[in-house]
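Working notes, structure below.
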Amino acid sequence: MANARALDKRRKSIRNIRKITRTMELIATARYKKAMDRAHAVTAYTDRLSQIVSSLAAAGTEVDHPLLQPRENPKAVRVLVLSSNRGLCGGYNAGVLRATMPRIQELESSIGSVSVDVSGKRGINGLKFRGVETAENYTQFEDQPAYDEVEKIASGYLEQYITGQFDRLDVIYTKFISTSRQIATIETLLPFGSFDEEISGAGASEDSSSQSQFEFLPTAQSILEEVVPTSFKAKLFKCFLDAAVSEQVARMIAMKGATESAGDMINQLSMTYNRARQSQITGEIMEIIGGVEALKS
Amino acid sequence: MALRCVVVTPERNQLDREAEYVSLPMFDGELGVMQGRSPMIGRLGFGTMRLQTAAGPERYYIDGGFAHVEDNVVNVLTGKAVPVDLLDAEEAREALAAALELPSNSPEETQLKASAVMRARGQLRAAR
């Protein structure tokens, strides 16, 4: 039987760890709620944008924009990986990296020139360990990514895409589906294919809704030219927000698990400790009785 | 029933209030909207949006985007909307100087420079 004192010491340290993990869980929960509110705000923005898009489609505007056209024989690809700055969030970063590696290898074999941008220290270190060279590293994004910062990155990408420095942009991030489900996903943001689906879907559903005739200032075409980059920026921002929300959820769940198993461990240790203490007491009593017996005879 | 003015940025719903008159900074100048305006979608430039509310006038700097007017509701979609009082004229002046320094060797670069200069000028005008 182990030493009772050592067991007690261990139990105390586990109790301290449990305190820490519980606090981290609470912090993650609070941050998750904040991040979620922001995600809702961006949804309001994108909803209004798609309203405009559907009005444009209803007015019979031809959708033709350099950002929407897939390029033949792409020569260079840009990959953006969104991970977290901090660990202790379960399989969050591992999931992203696991999705990243095969994609990078596939792109390298099919297209050749791949440059990788990473956000988050965990992703930077993970890719360095796997021997992937990274072009741009961002570590400024925490649980509340600022639109200003994301917009800078998005404008940079747009500029480089238009000037032909790369022909395709893939973003790998953790998509938030529900509190119990987040999946590491790969999306091709440039060429901006999802916009096409949006506009065709919006055009189809438009017949039943409002019939008002819009006046376009200056022209529908010019508005469309502006809407496409804006939607791209909003989409990229949404990716960042989704990643932030997923990170907080992952941390919340991981810390909840840690707190629970610390509790289990404490229970088990308490039992062993009590047994050890009891056996120590029994041993001492036996010694006393033995001594008394010896004196009697 | 007066106009309802809603300003939405990707980060949050900046503003949602009733106004009697809204003046929007369009790409080519100001456009006033009053009750009963016919539906419109327009491109915004960089400049000041003015609201005439029951509580008094309000002014915001708008950083490009779109305006969508329908059924007496003015929706403004923009990257940034800042109350004019919070703008810093000095910062805007620096931004303008930096924008004027940008290279313009190709058509794309010229376009980028033009929009950067326009943005800085709009900020400077709003900050005054």
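Protein chains in written order, with our numbering: chain A, 1 to 297; chain B, 1001 to 1128. Where a beta carbon is used, it is the ideal one built from N, C-alpha and C, also for glycine.
{"Check": "Compile a chain-ordered list of the residues in the segment 160–185 of chain A whose CB is closer than 9 Å to at least one CB of chain B.", "Outcome": "I162, T163"}
{"Check": "When Cβ atoms are compared, which residues of the segment 132–159 of chain A fall closer than 8 Å to chain B?", "Outcome": "A146, Y147, D148, E151, E159"}
{"Check": "By the 8 Å beta-carbon criterion, what residues does the segment 1093–1114 of chain B contribute toward chain A?", "Outcome": "S1106, E1108, L1112"}
{"Check": "Looking only at its chain, what residues have a beta carbon closer than 6 Å to the beta carbon of A/V81, apart from the 5 residues adjacent to it on each side?", "Outcome": "T100, V118, G123, I172"}
{"Check": "Just reading off the alpha helix (DSSP H) that A/M271 is part of, what are its end residues?", "Outcome": "220–296"}
{"Check": "Using 8 Å as the limit for Cβ to Cβ distance, is B/E1091 near chain A?", "Outcome": "no"}
{"Check": "Is the distance from the Cβ of A/L217 to the Cβ of B/G1042 below 8 Å?", "Outcome": "yes"}
{"Check": "Any contact between the segment 63–73 of chain A and the segment 218–228 of chain A? By contact I mean 3 or more CB pairs, one from each, below 8 Å.", "Outcome": "yes"}
{"Check": "With 7 Å as the limit, tell me which residues of the segment 1073–1086 of chain B have their beta carbon closer than that to any beta carbon of chain A; keep them in chain order.", "Outcome": "N1075, L1077, G1079"}
{"Check": "Assuming contact is defined by CB atoms lying nearer than 8 Å, are A/R168 and A/P74 in contact in what I supplied?", "Outcome": "yes"}
{"Check": "What residues of chain B sit near A/V42, judged by a beta carbon separation below 7 Å?", "Outcome": "P1010"}
{"Check": "At least one CB of chain A closer than 8 Å to the CB of B/P1025: is that the case?", "Outcome": "no"}
{"Check": "Output, in chain order, the set of chain A residues within a Cβ distance shorter than 7 Å of B/R1004.", "Outcome": "The premise fails here: B/R1004 is roughly 14 Å from chain A at the closest Cβ pair, so nothing lies under 7 Å."}
{"Check": "Alpha helix (DSSP H) containing B/E1094: first to last residue?", "Outcome": "1089–1100"}
{"Check": "Out of curiosity, what's the CA-to-CA distance linking B/T1048 and A/D242?", "Outcome": "32 Å"}
{"Check": "Excluding five sequence neighbours on each side, which residues of the same chain lie with their C-beta closer than 6 Å to the C-beta of A/F232?", "Outcome": "F192"}
{"Check": "With DSSP as the reference, label B/P1025 as helix, strand or coil.", "Outcome": "strand"}
{"Check": "Can you give the beta carbon distance from B/V1117 to B/L1087, rounded, assuming they're within the 8 Å contact cut?", "Outcome": "About 17 Å separates the two Cβ atoms, so there is no contact after all."}
{"Check": "Would A/I104 count as contacting chain B if we go by Cβ distances under 8 Å?", "Outcome": "no"}
{"Check": "Using only alpha-carbon positions, find the residue among A/L97, A/L107, A/N16 that is nearest to A/F129.", "Outcome": "A/L97"}
{"Check": "So which residues on chain B does A/I52 lean against when the C-beta distance must stay under 7 Å?", "Outcome": "I1041, F1066, H1068"}
{"Check": "Exposed or buried, which one is A/Q248 when buried takes at least 16 other CB atoms within 10 Å?", "Outcome": "buried"}
{"Check": "Suppose contacts are defined by Cβ-Cβ distances below 8 Å. Is A/T139 in contact with A/K121 by that definition?", "Outcome": "yes"}
{"Check": "Excluding the 5 residues preceding and the 5 following B/P1039 in the sequence, name in chain order all residues of the same chain whose CB lies nearer than 7 Å to its CB.", "Outcome": "V1069, E1070"}
{"Check": "Kindly identify the DSSP beta-bridge partner or partners of B/T968.", "Outcome": "Residue 968 of chain B lies beyond the residue range present for chain B, which begins at 1001 and ends at 1128; the question has no answer from this structure."}
{"Check": "Compare the C-alpha of A/E142 against each of A/R31, A/Q268, A/I289 and name the closest.", "Outcome": "A/R31"}
{"Check": "So is A/D207 buried or exposed if we call it buried at 16+ other beta carbons inside 10 Å?", "Outcome": "Since pLDDT at A/D207 reaches only 46, below the 50 mark, its modelled position is unreliable, and no value is offered."}
{"Check": "Where does B/Q1111 sit, in a helix, a strand or coil, going by DSSP?", "Outcome": "helix"}
{"Check": "Taking the alpha carbon of A/A254 as the point to measure from, which residue in A/K296, A/N16, A/R15, A/L26 has its own alpha carbon closest?", "Outcome": "A/L26"}
{"Check": "Measure how close the beta-carbons of B/L1024 and B/E1030 come, nearest whole angstrom, since I'm counting them as under 8 Å.", "Outcome": "7 Å"}
{"Check": "Round the Cβ separation of B/V1006 and B/V1084 to the nearest angstrom and send it over; I've been treating them as touching at under 8 Å.", "Outcome": "Wrong, their Cβ atoms sit about 19 Å apart, outside the cutoff."}
{"Check": "Taking the straight line between their C-alpha atoms, what separation do you get for A/P70 and B/A1127?", "Outcome": "42 Å"}
{"Check": "Return the first residue and the last residue of the alpha helix (DSSP H) that A/I111 is part of.", "Outcome": "Where A/I111 is concerned, there is no enclosing alpha helix (DSSP H), given that its DSSP letter is neither H nor E."}
{"Check": "If we count Cβ pairs, one from each stretch, closer than 8 Å, do we get three or more for the segment 3–22 of chain A versus the segment 254–268 of chain A?", "Outcome": "yes"}
{"Check": "Using CA coordinates, which residue listed in B/A1092, B/L1003, B/P1010, B/A1089 is at the minimum distance from B/G1065?", "Outcome": "B/P1010"}
{"Check": "Within the segment 108–148 of chain A, note down every full beta strand (DSSP E) run reaching 3 residues or more, in order along the chain.", "Outcome": "113–119, 134–138"}
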